[in-house]
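Going down the list, the sequences are from chains A and B.
235 is the number that UniProt numbering gives to position 235 of the first sequence; each next residue is one higher, with no gaps.
365 is the number that UniProt numbering gives to position 365 of the second sequence; each next residue is one higher, with no gaps.
By construction, the Cβ of each residue, glycine as well, lies at the ideal position given by its N, Cα and C atoms.
Contents: one structure, followed by commentary.
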Amino acid sequence: MATDSLSVANQRVVDTLAARLRRRQVVGSRETALETVLVLRQVISKARFSNIDQLVEIIRSVGRKLVEAQPKEHTVGNTVRKVLHHIREEYHTASKGTAVVSTSKDTLSIAKFVLQGQPRKQNVPQKTTLNESHDMLKENDADDPDAFARTLKPVLMEAIQDVLDELETVHDNISKNAKDHIHSDEIILTIGKSSTVEAFLKAAAPYRKYTVIVADTAPSYGGHDMAQSLSSAGISTVLVPDSSIYALMSRINKVMIGAHAILANGGMFAITGSLLVATAARAHSTPVVVCAGQFKLTPQWNLYHEYGALDFADPSSVLGFEEGNLVDKVDVVNPFYDYVRPELIDAFITNDGDHPPSSVYRLIKEAYDDEDYEL
Amino acid sequence: MSPNTTSSTGKDKLIADEEKVLQAVILADSFNKRFKPLTTHKPRCLLPICNAPLLDWTFESLALAGVQEIFVICRSHAELVKTAIKNSKWSKPGAGLKIVPIVTAKETFTPGDAMRDIYTHGIITSDFVLVTGDLVSNIHIGDVVREHKERRKTDKDAIMTMVVKQSGVNHRTRSKGDSAVFVIDPETSKCLHYEAVTGYPPKKYASIPREILNEHPEVEIRNDLIDCSIDICSVEVPSLFQDNFDYGDVRRDFVHGVLTSDLLMKSIYCYIAKEGYAARVRDTRSYDSISKDILARWTFPLVPDDNHPGGHSYEHLRGNKYIAKDNSVILSRTCKIGNNTLIGSKSQIADNAQVTASVLGQRCIVGAGSIVRNSYLFDGAVIGPNCVVEHSIIGSGVHIKERTHVERGCLIADGVVVGPQAKLAPFSRLSKRRQDSDEEDDEFEDAEEQFEEEEDGDDESEDGDDEDEVDSELEDVEANQDPEALAKLGSDTNAIIWPLPVVDEDEAIDDLEHPDNQRLMRIGDNASDLVLSDPGSVTSSESESESDDDDDDEHFYDSNPASSTTSLPLSTPSNLVAQADSAVISEFQQEVKQSLDRAFAEGHSVDNAAVELKTLRMASNVSLRLVREAVIAAMVSRIKIIAGGGIPQRQEIASMIARWGGLIDKIGGVDPVETVEILQEYSASSDRLPLFGQILAALYQDDIVDEDDIRAWHGKSKSQGQGVKPASLQDCYNKCWVTGAHMIKQFDEQDSDEESEEDSDEGSETSEPAVKIPVTKELPSAGENSSEEGSCEESSDEEDEGDTDEDDSE
């Protein structure tokens, strides 16, 4: 049913993105998330549906396709889940008036969690209740099958625009409180080139005078770009090789790193070298702070790779292809992401407040509907 | 074609910035038989590598590069290729690719023929990407195309950009048997010279034309490049193939031909890929190494767990193990899966079995206690219990029964049953008997004869693909089975053994396809094997790596393009002289004589006669000098000797030269010094010796030779008759020389006395500088290379010249 309801044009849009994801022509958690929202918006605007289940099924099938194309970009699935969540919310508001109070827009904190207790009840709509609420929305109208879509679409577009806005403003929102986290004369260590961390550090620069030590992050050497960008923003920056991370750790006040995906147990996937940094920080009891947008929250666990990586890139950045004699004799492994356990992380700074790893599951419950964990 | 429709169907954001549709041509036929017998019922491009057909990898590589329109040139098993394309994901509307299969005639034997076919189809509208149907690549071809187009804006003659990848000399993916030396200008990355290298017999020298070193202060001579067989070609490339009907291989003929021709004035550039991976499955050995490269993720993101072209999904585990993701693989608790292994869905591996560095297709079964190492099992292969399979390729549906030992290098075609308890010799090639007869091995051959008739019918209907050549080949193989060897294949076998390739002395065989060279391209074969089998040779992996600086003269191969394009065994320059006496040349002389007789008798125009001569020369591939000799001889012998001499004689000569003299310069090259030499040589040995001076004067009058040429000829020691054997002849030579000397004296006098006449001379000289410039160019090369090599190079140059001349006239 799902694939039938997708029009040819939608099919092509989805296929194109799937192919680009597969070919890694779109990489990076934020870029993939943005592309996904844009595709979903297009799909919904052109889709034909006469009740909410059809709509959900359409979006899910698109999501499944995209996730299958690139299971390693978790934000694709997250964005689809988020959109589904918003759609359900809008649907409920439309059908029941103000039945559900949306809490997700408020800034959450641990204190609020405790006060509020159960934040809100699950939006698992029962069939029976659905059919009763026909006063505003005409579902399954035999005379006019598009009536439902017509009424709902404007609200849906708005909901998707919300998701899009959130993605577009994520850096600003995260770095809003940067000066409260960074103090003067601090020495901060970071690794890799995370645009979130970059924005965060730059946001604090006008208010505080501090030093950033950037590990060069072999073999991708994203640290080089990071160091350049930070120093051009007037931050005193030191670039060091990865090998000296442990030795320097005793002088460092805080470790700030980015994430590729935050998992439900509070652990995360991050650029390779992050595990090294986090472990060294633990040995020196240095706080590890992760800057990441909420769209990186992933309702999944790392089942298979206890310490190992999620993704292995091509070995040429480790061993040149021209080393013909060696290529045949050695197996080269170039892990791209590390899995960092929740015990090694002290706090997540998100666009939705600051949270310890132990409350990530809560945030995930907030952000997505349970039934969408498996797309 | 219809570029409009494609641009509308493939309207993506991806390619929105490209103003024109990027076209690609895939040569889906391999034009060789290195994968036999696996390819008897399936074209090579549909063989799976890492469980996806090679063609799909090629499509993916091109899609990655942003190609939108692909023409697939298929020859053998064309129907299969067409159906495969139709059923693949690429034909779906969302794929953004337009794939057009083009079936060429069975007579297409080389890539060159295919290119000519492309030309006649007229499908190419702009610069296009030319690849083979067995390419695995993640290079951003789009960048190369952009660079190529950029270059075309400034240099219209840049017709082609070859993509090469740097690797070590001993890189596993670099074919030892079929590589090349590239001479590149590092600044412009222009390819200056290309020389193909075969692994056996080992090539010791690469000859680089002197001019290259003169013209370029800095050159790189590279023997460490993998030729990816990705070419960005301009529109005129197919037409160049069309013009030069003898171009077969794209590299060894076309690239070499274009670079060595001084008349085409086209240039070819190299793109040395710094990033990315590209290689071509040329042979079973590179099949092995490319499979390993894919499993070791060099082709990232084109890896099984990420962007598998076949659309399968695999779980990537530590140690580069890939297991199908759909939970259908059954691995026994006690089985061992080694590194670099790919296991397709629904496969089963039984207790205590070991699978290392291998690729298993879908629905493969490895029996208990079996060992599979460095091998490639296609879909549905079954390995019985306690077998050993090493370094082999096992076709789909093959059943290897218990306790069978498959040694390295075996190729087992689809559907073969082997065993039980068989022992396959290394490098055996097995295929299925065309009909499973119930007769047992002893009467096998007799039975075969009887079944011949019905089988043919059966096969035809089965395939729907009339592979007559395959059938006849199979018949051949079937007819020559050794019952003893067959008996070793076990009692349940249905296999026939393909014979090892043998050298056929009578047949002129290409170095590249020489069985010994082919060994370097076989899976599981190492060079030491070659040394064992052929103690006289020096081929080993070590000596090969040094083949360029070794001093052995034995295997010198000249750079004459003619030698590689024709079937004539004109491979060494020392042979060339011997060849000169051969029947070919006498036959040629005979024919030229007849042709000229006709021309004189029927009064052809000079141009027509020239075309005829050129065709003759190309057909028999002889040096230009021979043609010149024939022409001069024919002319001089037709000059009537008039008893009184004097003015009537002079008029006679003048009219002859005026009518036919032009022919001397139209036969494909201009070399007046040689003309004078030949004239001297001919006159000296004929009764027209007294006429020498007058003829020379007439040639001078008609501007066929000029003063400098006569001086140059005069300066040569040979002109005085030195080294000419019969003393009488030497006298005659000397007489001619003296005549020449008189003439030069006259010139000198003219120079000093009559300045007014010189002015008029100068006037005539300036009227034809176009003729003279090549003359002065050619002179030094002819002078420097007095050896046979010189003359042979010269002839090759001039052959190209001849080609183009002729084409122009057409």
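Query	Result
Bridge partners for arginine 81 of chain A per DSSP, in chain order?	Its beta-bridge partners do not exist; DSSP assigns none.
What residue does the beta strand (DSSP E) around tyrosine 314 of chain B start on, and which one ends it?	314 to 317
Under a three-way DSSP split, which group does isoleucine 340 of chain B fall into?	The amino acid at residue 340 of chain B is misidentified as isoleucine; the sequence shows asparagine. If DSSP states are grouped into helix, strand and coil, asparagine 340 of chain B belongs with coil.
Please tell me whether valine 25 of chain B and leucine 97 of chain B are closer than 8 Å, where the distance is taken between their beta carbons.	no
Which residues of chain B have a Cβ atom closer than 7 Å to the Cβ of asparagine 325 of chain A, listed in chain order?	Gly168, Asn170
Output yes if chain A places a C-beta closer than 8 Å to the C-beta of tryptophan 298 of chain B; else output no.	yes
Check the Cβ-Cβ distances between threonine 98 of chain A and every residue of chain B, and say whether any is below 8 Å.	Here threonine 98 of chain A scores only 48 on pLDDT, less than 50, and its place in the model should not be relied on; the value that follows carries that caveat. No, because no Cβ of chain B sits closer than 8 Å to the Cβ of threonine 98 of chain A.
What separation, rounded to the nearest whole angstrom, lies between the Cα atoms of isoleucine 70 of chain B and aspartate 283 of chain B?	24 Å
For the ligand NAD, is there any heavy atom lying closer than 7 Å to the beta carbon of valine 288 of chain A?	Ligands displayed in this structure: none; no statement on the ligand NAD is therefore possible.
Counting only runs that start and end within the region 74 to 99 of chain B, where is the alpha helix (DSSP H) found for 4 or more residues in a row?	78 to 87
Once you ignore the five residues that flank asparagine 351 of chain A on each side, which residues in its own chain have a CB closer than 6 Å to its CB?	Val170, Asn173, Ile174, Gly293, Gln294
Between tyrosine 271 of chain B and alanine 270 of chain A, what straight-line distance do the alpha-carbon atoms span, to the nearest angstrom?	35 Å
Can you tell me the Cα-Cα spacing of glutamate 57 of chain A and asparagine 177 of chain A, whole angstroms?	39 Å
In three-state terms, what does DSSP make of glycine 293 of chain A?	coil
Since asparagine 51 of chain B and glycine 415 of chain B should fall inside the 8 Å C-beta cutoff, what is the C-beta to C-beta distance between them, to a whole number of angstroms?	About 19 Å separates the two Cβ atoms, so there is no contact after all.
Does any C-beta atom of chain A lie closer than 8 Å to the C-beta of glycine 96 of chain B?	yes
Label phenylalanine 109 of chain B either buried or exposed according to how many other C-beta atoms from any shown protein chain fall within 10 Å of its C-beta, with 16 as the threshold for buried.	exposed
Going straight from the alpha carbon of isoleucine 230 of chain B to that of asparagine 78 of chain A, what length do you get?	40 Å
Whose C-beta lies closer than 8 Å to the C-beta of asparagine 138 of chain B among residues of the same chain, with five residues either side of it excluded?	Ser61, Leu64, Gly276, Tyr277, Ala278, Thr299, Phe300, Pro301, Leu302
Please go through the region 632 to 692 of chain B and give each complete alpha helix (DSSP H) segment of 4 or more residues, from N-terminal end onward.	646 to 666, 672 to 685
Buried or exposed: histidine 355 of chain A, going by 16 or more other Cβ atoms within 10 Å of its Cβ?	buried
Do we get a CB-CB distance below 8 Å when we pair proline 186 of chain B with the residues of chain A?	no
Going by C-alpha distance, which of A:Gly234, A:Phe148, A:Gly267, A:Ala159 is nearest leucine 38 of chain A?	A:Ala159
Below 7 Å CB to CB, which residues in the same chain sit around serine 7 of chain A once its five sequence neighbours on both sides are set aside?	Lys46
Report the option in A:Ala9, A:Asn51, A:Lys65 whose CA atom is closest to the CA atom of arginine 22 of chain A.	A:Lys65
Buried or exposed for isoleucine 641 of chain B, please, with buried defined as at least 16 other CB atoms from any protein chain shown within 10 angstroms of its CB.	exposed
Classify serine 728 of chain B as buried or exposed, calling it buried when 16 or more other Cβ atoms lie within 10 Å of its own Cβ.	exposed
Just tell me which of B:Asp143, B:Glu220, B:Ile343, B:Lys401 has its CA closest to the CA of leucine 22 of chain B.	B:Asp143
What residue range is occupied by the uninterrupted beta strand (DSSP E) comprising threonine 161 of chain B?	158 to 166
Opposite aspartate 311 of chain A in the DSSP bridges: which residues?	DSSP output for aspartate 311 of chain A lists no bridge partner at all.
Evaluate asparagine 480 of chain B with the Cβ neighbour count: other Cβ atoms within 10 Å of its Cβ, from every protein chain shown; 16 or more gives buried, anything less gives exposed.	exposed
Helix, strand or coil: how does DSSP classify glutamine 348 of chain B here?	strand
Does the beta carbon of tyrosine 361 of chain A come closer than 8 Å to any beta carbon on chain B?	no
Contact criterion: CB-CB distance below 8 Å. Does serine 243 of chain A meet it with respect to chain B?	no
Taking the straight line between their C-alpha atoms, what separation do you get for threonine 298 of chain A and aspartate 56 of chain B?	33 Å
Tell whether a beta-carbon distance below 8 Å holds between alanine 357 of chain B and asparagine 374 of chain B.	yes
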